[in-house]
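Asks:
There are 2 protein chains.
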Amino acid sequence: MIKNIIGNIDFAESLRGKKATFLIALSTTRTIQIDGITQAGIPGLIHLTPTLDIEFVCSGEIRCLDNIAQTPKGVPTPALMTRAVHILNPYSNIEILDLGMDTKPKLEYFECYDFEMKPSGSIDNGADIEAMDIFQKGVEFGKNYKCKDDYIILAESVPAGTTTATATGQALGYDCKDKFSSSFKNVPNDIKEITIAKALENIKDKKDLFERVGQVADNMLIFNAGFILGCSYNQTKIVLAGGTQMAAVLLLVNSIVNYMGGKLDSKNLALCTTKWVAEDKNSDIKGLLEMLDFNINAYYADFDFSLSTHPALKLYDQGEAKEGVGAGASLMYGFLNGLSKDKIIKQMEEFLG
Amino acid sequence: MIKNIIGNIDFAESLRGKKATFLIALSTTRTIQIDGITQAGIPGLIHLTPTLDIEFVCSGEIRCLDNIAQTPKGVPTPALMTRAVHILNPYSNIEILDLGMDTKPKLEYFECYDFEMKPSGSIDNGADIEAMDIFQKGVEFGKNYKCKDDYIILAESVPAGTTTATATGQALGYDCKDKFSSSFKNVPNDIKEITIAKALENIKDKKDLFERVGQVADNMLIFNAGFILGCSYNQTKIVLAGGTQMAAVLLLVNSIVNYMGGKLDSKNLALCTTKWVAEDKNSDIKGLLEMLDFNINAYYADFDFSLSTHPALKLYDQGEAKEGVGAGASLMYGFLNGLSKDKIIKQMEEFLG
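Sequences listed follow chains A and B, in order. Residue numbering for the first sequence is 1 to 353, as defined by the numbering used here. Residue numbering for the second sequence is 354 to 706, as defined by the numbering used here.
#1: Grab me the residues of Tyr259(A)'s own chain with a C-beta within less than 6 Å of its C-beta, minus the 5 sequence neighbours each way, in chain order.
#2: On the three-state DSSP scale, how would you describe Ile54(A)?
#3: Identify the contact partners of Pro105(A) in chain B, using a Cβ-Cβ distance below 9 Å as the criterion.
#4: Applying the 10 Å Cβ sphere with the 16-neighbour rule, what's the burial state of Pro458(B)?
#5: Rounding to the nearest angstrom, what Cα-Cα distance links Asn542(B) and Asp637(B) in this structure?
#6: Taking all protein chains shown into account, do 16 or more other C-beta atoms lie within 10 angstroms of the C-beta of Ile9(A), making it buried, or fewer, making it exposed?
#7: Report all residues from its chain with a CB closer than 7 Å to the CB of Gly334(A); omit the five preceding and five following residues, and keep chain order.
#8: Express the C-alpha separation of Lys530(B) and Gln523(B) in angstroms, rounding to a whole number.
#9: What alpha helix (DSSP H) runs, 4 residues minimum, are completely inside the stretch 323-348 of chain A?
#10: Taking DSSP's pairing of strands, which residues face Pro429(B) in a bridge?
#11: Considering only DSSP beta bridges, list what Asn650(B) is partnered with.
#12: Taking the alpha carbon of Ile134(A) as the point to measure from, which residue in Val216(A), Ser157(A) and Met220(A) has its own alpha carbon closest?
#13: Going by C-alpha to C-alpha distance, which of Lys616(B), Ile581(B), Ile609(B) and Glu703(B) sits closest to Phe494(B)?
#14: Consider the Cβ of Ser367(B): report whether some Cβ of chain A lies at a distance smaller than 9 Å.
#15: Whose C-beta lies closer than 6 Å to the C-beta of Phe364(B) among residues of the same chain, with five residues either side of it excluded?
#16: Among Lys237(A), Lys275(A) and Leu288(A), which residue has its Cα nearest to the Cα of Val249(A)?
#17: Name, going along the chain, the residues of the stretch 70-93 of chain A whose beta-carbon falls closer than 9 Å to a beta-carbon of chain B.
#18: Would you report the Cα separation of Trp276(A) and Asn268(A), rounded to the nearest angstrom?
#19: When DSSP builds the beta bridges, which residues end up paired with Cys717(B)?
#20: Would a C-beta distance cut-off of 9 Å place Gly41(A) and Ile191(A) closer than the cut-off?
#21: Among residues of its own chain, excluding the 5 on either side of Gly427(B), which ones have a beta-carbon nearer than 6 Å to its beta-carbon?
#22: Would you please state the rounded distance, in angstroms, between the beta carbons of Val213(A) and Ile222(A)? I believe it to be under 8 Å.
#23: When DSSP builds the beta bridges, which residues end up paired with Leu154(A)?
#24: Looking at the structure shown, is Asn607(B) part of a helix, part of a strand, or coil, going by DSSP?
#25: Identify the continuous alpha helix (DSSP H) that holds Ile37(A) and give its terminal residues.
#26: Under 9 Å, do Gly681(B) and Leu507(B) count as touching if we go by C-beta distance?
#27: What residues in its chain sit with their C-beta under 7 Å from that of Leu452(B), if we drop five residues either side in the sequence?
#28: So, is the C-beta of Phe364(B) closer than 9 Å to a C-beta in chain A?
#29: Can you tell me whether Lys634(B) is helix, strand or coil according to DSSP?
#30: Strictly under 9 Å for the Cβ-Cβ distance: is Gly370(B) near chain A by that measure?
#31: Can you give the beta carbon distance from Phe303(A) to Thr274(A), rounded, assuming they're within the 8 Å contact cut?
#32: If distances are taken between C-alpha atoms only, which option among Leu433(B), Lys356(B) and Glu408(B) comes closest to Cys465(B)?
Printed below as a string of structure tokens:
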């Protein structure tokens with residue numbers, strides 16, 4: 001039920017029966033204000049998506065709004081998968097990385113690390129991120145982070161995040177233009193392409209890696225790259241919980257390591273995503289991972305809604321939404337601890353009533 | 354499946370996936386000798402109830418008698434719920450606080466702290482408890498107690514305990530006469546009221562808080578109040594596992610804190626009980642908790658026997674027995690670790706054959 005994208009199954013299997021901390025990087029980018037660029041949330045309120053996602057995962061409730069985030073087509077947030085697994089086979093710890101949200105989640109008792117960042121700018125005008133500063137915050141935090149469990153599942157919720165991921169991959173010089181996925185089934189390539197073209201045009205005279213990335217990325221991509229490098233000092237095991245956005249984090253790690261003339265020991269690092277990303281015909285996560293100079297084990301959870309009759313969930317199988325809020329790695333976590341597809345689907349259907 | 358009585362769900366949710374120590378305060382009071390005051394056990398052998406309860410929770414066996422404790426109407430002890438959860442999703446540690454039992458449980462290998470107390474007297478003649486001494490023992494023990502898990506579930510088994518709890522609440526000056534629950538469906542108010550009236554009459558000239566409580570309470574109420582205050586020094590998280598008896602512990606904590614001119618940081622403290630207590634029409638646990646000067650999160654496990662066909666279990670749904678031996682918080686512990694109602698019921702039915 002866990003399948004390989006690249007590498008072999010052993011890293012995942014070695015985590016069977018082990019407990020994980022769910023660590024989630026939450027951030028907003030003003031890129032969401034470009035009309036039609038994302039469907040990851042409620043139109044006009046997409047800046048709330050990361051906030052609503054983590055409220056739901058932690059408490060089962062939506063507090064900063066009266067309903068769960070869903071796309072205009074009615075696809076419910078992938079946070080439902082994460083919450084379902086957390087109910088059936090709980091994470092021991094959920095911790096929040098506030099990397100610049102518009103609205104803080106209304107949660108008590110959950111550890112929320114505040115890195116004093118503001119939402120990044122819209123990349124068509126320059127994201128205006130102090131990239132070196134944010135990267136260093138990530139490294140420091142990773143170096144000092146004491147995982148209370150056997151490993152970390154590092155997730156994200158960043159609307160319009162595949163656009164910033166694509167721009168970042170290209171800004172770093174990878175030949176990756178058509179390899180990134182989207183929350184849309186019918187990808188609005190025009191809007192996305194124009195936005196990315198503008199973003200890249202803005203940095204055409206910049207040479208410095210961090211200067212370039214600071215104009216086209218988002219806070220999550222840069223912080224997580226630092227965090228991964230920080231954690232590599234103390235051998236903490238990390239599963240990157242996401243699709244092509246997390247692949248972009250790895251491309252950034254790769255570029256930074258090369259830029260600094262170092263070498264990454266990636267044996268404690270893996271990526272896990274959903275089947276919808278792994279099998280997506282409009283993107284190529286495997287191709288992205290093959291560009292890395294280090295080896296990586298990458299997986300997907302062999303999970304879909306073929307056993308469900310719920311129309312909103314069926315939309316996933318048609319290619320909408322695909323991934324986010326650590327859904328793919330959460331499904332893996334469930335499978336590695338004895339949960340069945342059937343049980344997870346039933347729990348999700350219960351949420352939707 | 355976990356519902357709020359007061360406060361919000363976050364404290365409970367933050368314990369999802371975490372491991373608990375089940376700590377149980379066991380004590381007898383001679384108040385049980387008043388004819389018809391309690392149905393928490395076998396007539397004539399009610400003093401054995403705490404002993405039998407913990408033998409069953411720890412070992413699955415009844416050793417000081419040939420059968421499990423049940424009411425004359427055939428309601429089996431709530432210890433069955435605690436044991437069922439302990440089998441399906443075990444506590445990491447069960448530890449026993451011997452606060453004056455008539456008969457010690459026949460158990461090896463389980464930590465049993467002996468505080469050298471004798472069963473308290475019958476409150477109609479004066480309970481004759483050295484309240485300050487017992488309170489201080491609780492404080493000392495709490496201060497020095499090293500929880501081996503993420504949190505403590507603090508339970509009790511004290512027959513006739515709702516009578517002593519009601520008397521204690523009133524002796525402390527709270528307007529709470531009709532707010533305490535009972536193990537009976539049809540509460541024997543006459544006997545209970547006469548007993549409490551006598552108890553309060555005995556202390557009408559006493560002014561000192563500890564002197565008053567020493568005549569009308571039971572060892573568990575006083576010790577646990579001290580234990581909670583002791584634990585507050587080292588930020589140990591405690592879930593009080595019980596209904597209105599545990600609310601009485603909190604009223605006592607509240608009065609002692611006020612009496613000493615202090616202030617309690619209650620953020621690491623919560624209460625969890627059963628649905629039968631939370632929805633009981635003859636008592637008002639929410640009303641009791643609202644009398645506290647500090648905030649408290651209180652919950653109930655949304656669990657009943659509607660899915661069962663066993664006649665003895667069905668009696669719970671009719672209002673008999675209701676709570677005890679940490680049943681409500683144990684159900685919460687099960688739910689927070691992926692157990693379903695159905696699975697717990699099946700396990701209980703297996704006990705009953």
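Idealized CB from N, CA, C, for every residue including glycine. This structure is a prediction, so every number in the text was calculated from the model and none was measured.
Replies: This is what the structure gives:
#1: Cβ-Cβ distances below 6 Å link Tyr259(A) to Leu209 in the same chain, with the five nearest sequence neighbours on each side left out; the list follows chain order.
#2: In the three-state reduction of the DSSP assignment, Ile54(A) falls in the helix class, which pools H, G and I.
#3: Annotation: Pro105(A) has no Cβ neighbours in chain B at a cutoff of 9 Å; minimum Cβ distance is about 11 Å.
#4: Residue burial is scored here from C-beta neighbours: Pro458(B) has at least 16 other C-beta atoms within 10 angstroms and is therefore classed as buried.
#5: Rounded to whole angstroms, Asn542(B) to Asp637(B) spans 16 Å at the Cα level.
#6: Residue environment for Ile9(A): exposed (fewer than 16 other C-beta atoms within 10 angstroms of its C-beta).
#7: The answer, listed in chain order, is Val85, Leu88, Asn89 and Ile344.
#8: Near 7 Å, if we compare the C-alpha coordinates of Lys530(B) and Gln523(B).
#9: The stretch 323-348 of chain A contains these whole alpha helix (DSSP H) runs: 327-335.
#10: Paired residues: Gln423(B).
#11: Ala623(B).
#12: Shortest Cα-Cα distance from Ile134(A) to any of Val216(A), Ser157(A) and Met220(A) involves Met220(A).
#13: Answer by Cα proximity: Ile581(B).
#14: Nearest CB-CB separation between Ser367(B) and chain A: below the 9 Å threshold.
#15: Excluding positions up to five away in sequence, the list reads Ala623 and Asn650.
#16: Residue Leu288(A) is the option with its Cα nearest to Val249(A).
#17: Residues passing the 9 Å Cβ filter: His86, Ile87, Leu88, Asn89, Pro90, Tyr91, Ser92 and Asn93.
#18: So the alpha carbons of these two residues sit roughly 25 Å apart.
#19: What is shown of chain B runs 354 to 706, which leaves residue 717(B) out entirely.
#20: Taking 9 Å as the Cβ cut-off, Gly41(A) and Ile191(A) do not qualify as a contacting pair.
#21: Once the five neighbours on either side are set aside, the close Cβ partners of Gly427(B) are Ala665.
#22: Between Val213(A) and Ile222(A) the beta-carbon gap is near 6 Å, inside 8 Å, which marks them as a contact.
#23: Under the DSSP definition of a beta bridge, Leu154(A) partners with Leu23(A) and Leu240(A).
#24: If DSSP states are grouped into helix, strand and coil, Asn607(B) belongs with the helices.
#25: No alpha helix (DSSP H) contains Ile37(A), which DSSP labels as neither H nor E.
#26: Result no, Cβ atoms of Gly681(B) and Leu507(B) do not sit closer than 9 Å.
#27: Within the same chain, Ala378, Leu379, Ser380, Phe468, Met470, Asn572, Met573 and Phe576 come within 7 Å of Leu452(B) by CB-CB distance, once the 5 residues on both sides are set aside.
#28: Chain A contact via Cβ: present.
#29: Coil, per DSSP.
#30: By this cut-off, Gly370(B) is an interface position.
#31: Indeed, because the Cβ distance is near 7 Å, the residues count as touching under 8 Å.
#32: Checking every option, the nearest Cα to that of Cys465(B) belongs to Glu408(B).
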